[in-house]
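Notes to accompany the following structure.
There are 2 protein chains.
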Amino acid sequence: MEKLRTHIEQVTPLSDEEFDYIKTFFTLKKVRKNQFLIHDGDEIKHEYLVLQGIYKVFYVDNDGKEHILQFARENWWMSDYTAYFKQQASTMFIECLEEGEVLSLTLLGREKLAADLHKMEHFFRVKLTNGYIALQKRILLLLSSTPQQRYEEFSRLYPDLLQRIPKKYIAEFLGVSRETLSRLYSNGGK
Amino acid sequence: MEKLRTHIEQVTPLSDEEFDYIKTFFTLKKVRKNQFLIHDGDEIKHEYLVLQGIYKVFYVDNDGKEHILQFARENWWMSDYTAYFKQQASTMFIECLEEGEVLSLTLLGREKLAADLHKMEHFFRVKLTNGYIALQKRILLLLSSTPQQRYEEFSRLYPDLLQRIPKKYIAEFLGVSRETLSRLYSNGGK
DNA sequence: AAAAAAGTGTGATCCGGATCACACTGCTTA
DNA sequence: TAAGCAGTGTGATCCGGATCACACTTTTTT
Numbered sequence: 001m002e003k004l005r006t007h008i009e010q011v012t013p014l015s016d017e018e019f020d021y022i023k024t025f026f027t028l029k030k031v032r033k034n035q036f037l038i039h040d041g042d043e044i045k046h047e048y049l050v051l052q053g054i055y056k057v058f059y060v061d062n063d064g065k066e067h068i069l070q071f072a073r074e075n076w077w078m079s080d081y082t083a084y085f086k087q088q089a090s091t092m093f094i095e096c097l098e099e100g101e102v103l104s105l106t107l108l109g110r111e112k113l114a115a116d117l118h119k120m121e122h123f124f125r126v127k128l129t130n131g132y133i134a135l136q137k138r139i140l141l142l143l144s145s146t147p148q149q150r151y152e153e154f155s156r157l158y159p160d161l162l163q164r165i166p167k168k169y170i171a172e173f174l175g176v177s178r179e180t181l182s183r184l185y186s187n188g189g190k
Numbered sequence: 001m002e003k004l005r006t007h008i009e010q011v012t013p014l015s016d017e018e019f020d021y022i023k024t025f026f027t028l029k030k031v032r033k034n035q036f037l038i039h040d041g042d043e044i045k046h047e048y049l050v051l052q053g054i055y056k057v058f059y060v061d062n063d064g065k066e067h068i069l070q071f072a073r074e075n076w077w078m079s080d081y082t083a084y085f086k087q088q089a090s091t092m093f094i095e096c097l098e099e100g101e102v103l104s105l106t107l108l109g110r111e112k113l114a115a116d117l118h119k120m121e122h123f124f125r126v127k128l129t130n131g132y133i134a135l136q137k138r139i140l141l142l143l144s145s146t147p148q149q150r151y152e153e154f155s156r157l158y159p160d161l162l163q164r165i166p167k168k169y170i171a172e173f174l175g176v177s178r179e180t181l182s183r184l185y186s187n188g189g190k
């Protein structure tokens with residue numbers, strides 16, 4: 001649980017009592033490779049903070065094609081947030097790509113934490129602010145750039161992921177076909 | 001200012017004293033058609049809550065092409081949030097399409113409001129939550145759907161905007177060329 | 001250790017949507 | 001009331017990237 005404390009304290013300092021209270025809301029869960037945390041159609045009770053491992057959050061369209069909304073690693077939060085916040089059935093999947101551990105938090109727990117502790121309300125707001133900014137950037141990138149430029153931006157932001165996950169998933173994240181992505185970097189930097 | 005109170009109270013009730021305090025942070029500004037609220041390169045001191053009018057938030061790429069991140073109408077918040085939160089120079093523009101009024105709020109004001117009033121921290125968190133969900137949906141739409149489907153989704157979400165703003169802006173929002181969009185609806189619903 | 005499955009590179013073909021070009025219809029604004 | 005200009009429809013052409021097909025490699029399974 002020390003990782004959780006460090007994670008929150010990057011935003012706001014906590015007293016020991018506060019942290020003792022906070023940690024009662026979280027549950028540790030070990031996740032194996034290829035295990036699904038969330039499946040299409042599920043009722044979504046939890047969001048997850050990644051302590052270890054790599055996960056992909058994705059959507060499957062009517063043609064059966066997968067589109068990756070997010071890769072999550074250490075210190076990233078993930079869920080099907082539409083389903084989680086609005087208490088609807090999930091339309092997404094979360095699958096583990098490298099085994100690890102996550103902490104789960106229920107919506108009720110989240111809301112109680114935020115209501116009881118102004119600090120936690122603040123913490124969640126800061127996290128959402130950063131997430132919002134990142135999503136806006138991604139939208140502009142999708143609207144304005146070529147696959148080449150998107151790949152370069154991805155390499156810049158997540159150099160480690162390039163090595164650790166299958167290229168085809170990167171293609172699904174960038175919105176390009178596997179083949180086109182392959183040609184992008186085999187043709188070098190020109 | 002009554003509109004502001006109603007807007008906040010859709011999330012959380014306020015006492016008169018609280019609202020009297022809150023409103024001191026906001027400044028009313030009238031905006032004429034074609035006026036720019038934010039310009040590329042500006043230092044971004046404010047975010048805006050739209051009371052009236054329509055605005056477009058857009059980015060201009062290296063080829064001079066415009067890409068619309070957001071249309072904002074009554075009760076929508078807007079700014080170049082990257083520049084606003086991170087105190088950087090703006091990379092975007094906000095232009096008024098239909099004259100109206102906005103309330104402006106500085107970053108310092110926002111943070112003070114959130115720190116002083118737990119209710120306001122909560123309010124901002126709820127707003128960000130909804131925004132985050134909407135952006136995720138837009139990303140999935142951009143990744144997984146055809147221009148046709150994106151146009152239909154836009155019509156469903158913002159039927160009023162279809163009439164009120166030039167079609168070419170809708171094209172710039174959807175990430176399609178003006179011409180392709182025109183052919184989409186002239187070829188009817190098939 | 002063999003067999004099956006998943007991931008990848010690369011060529012050939014195809015097609016949706018971008019681009020280019022031009023005409024027509026409003027709105028402005030002088 | 002004319003002159004300019006933004007907004008729009010529509011045809012013709014072009015091209016980037018998707019799709020299809022297959023070989024090769026690496027990982028997983030039994």
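Protein chains in written order, with full-length UniProt numbering: chain C, 1 to 190; chain X, 1 to 190.
Note that CB positions come from ideal geometry on N, CA and C, so glycine has one too.
Please read all numbers here as calculations on a predicted model, not as lab measurements.
query	result
Out of C:C96, C:M1, C:W77 and C:L141, which has the shortest C-alpha to C-alpha gap to C:R164?	C:C96
Verify whether the separation of the beta carbon atoms of X:L181 and X:P159 is less than 8 Å.	no
Does the region 125 to 143 of chain C touch the region 37 to 49 of chain C, meaning 3 or more C-beta pairs lie closer than 8 Å?	no
Report yes if the CB atom of C:E172 is closer than 8 Å to the CB atom of C:I94, and no otherwise.	no
What do you get for C:M1, buried or exposed, if any count of 16 or more other CB atoms within 10 angstroms of its CB means buried?	exposed
Where in the region 2 to 89 of chain C do unbroken runs of the beta strand (DSSP E), each at least 3 residues long, occur, reported from the N-terminal end onward?	27 to 31, 36 to 38, 46 to 60 and 66 to 72
How would you write the range of the beta strand (DSSP E) that C:E94 sits in, first residue to last?	The displayed chain sequence assigns Ile, not Glu, to residue 94 of chain C. First-last of the beta strand (DSSP E) with C:I94: M92 to T106.
Check whether chain C comes within 8 Å of X:H67, counting only Cβ atoms and requiring the distance to be less than that.	yes
In three-state DSSP terms, what is X:T129?	helix
Tell me, please, whether the CB atom of C:G109 is closer than 8 Å to any CB atom in chain X?	no
Report yes if the CB atom of C:E111 is closer than 8 Å to the CB atom of C:V31, and no otherwise.	no
Mark X:S79 as exposed unless 16 or more other C-beta atoms lie within 10 angstroms of its C-beta, in which case mark it buried.	buried
Given C:E121, which residues of its chain have a CB within under 7 Å of its CB, disregarding the five upstream and five downstream residues?	A114
By the three-class DSSP mapping on this structure, what secondary structure does C:S145 have?	coil
Using only alpha-carbon positions, find the residue among X:E99, X:F26 and X:K56 that is nearest to X:E66.	X:K56
Does the separation of the CB atoms of C:L103 and C:L28 fall below 8 Å?	yes
Mark X:T82 as exposed unless 16 or more other C-beta atoms lie within 10 angstroms of its C-beta, in which case mark it buried.	buried
Counting only Cβ-Cβ distances shorter than 8 Å, please list the residues of the region 90 to 114 of chain X near chain C, keeping chain order.	A114
So X:G175 contacts chain C; which residues on that side make the cut at Cβ distance below 8 Å?	L142 and L143
Just checking: is the beta-carbon of C:G41 within a distance shorter than 8 Å of some beta-carbon in chain X?	no
Considering only the beta carbon of each residue, do X:Y132 and X:L107 sit closer than 8 Å?	no
Return the residue from the list X:G175, X:E98 and X:L184 that minimises the CA-CA distance to X:Q52.	X:E98
Roughly how far, in whole angstroms, is the beta-carbon of C:V11 from the beta-carbon of C:V126, given that I think they are within contact range, below 8 Å?	5 Å
For the alpha helix (DSSP H) holding X:S177, just list the boundary residues, first then last.	Segment: none, X:S177 is in no alpha helix (DSSP H) and carries neither H nor E.
By a C-beta neighbour count over all protein chains shown, 10 Å radius and 16 as the cutoff for buried, is residue 194 of chain C buried or exposed?	This structure gives no information on residue 194 of chain C, because the portion of chain C shown stretches from 1 to 190.
Note down the Cα distance separating C:R73 from C:L157, rounded to an integer number of angstroms.	13 Å
Any idea what DSSP makes of X:Y158, helix, strand or coil?	coil
Quick one: does X:F154 have its CB under 8 Å from some CB of chain C?	no
Do X:L174 and X:F154 come within 8 Å of each other at the CB atom, strictly closer than that value?	yes
Whole angstroms are fine: how far does the CA of X:S90 sit from the CA of C:G64?	40 Å
Looking at chain C, which residues of the region 52 to 65 of chain X have a Cβ within less than 8 Å of any of its Cβ atoms?	Y59, D61 and K65
Can you tell me whether C:L117 is helix, strand or coil according to DSSP?	coil
Under the rule that 16 or more other beta-carbon atoms within 10 Å means buried, what is X:Q88, buried or exposed?	exposed
On the criterion of 16 or more Cβ atoms from any shown chain inside 10 Å, does C:R178 qualify as buried, or is it exposed?	exposed
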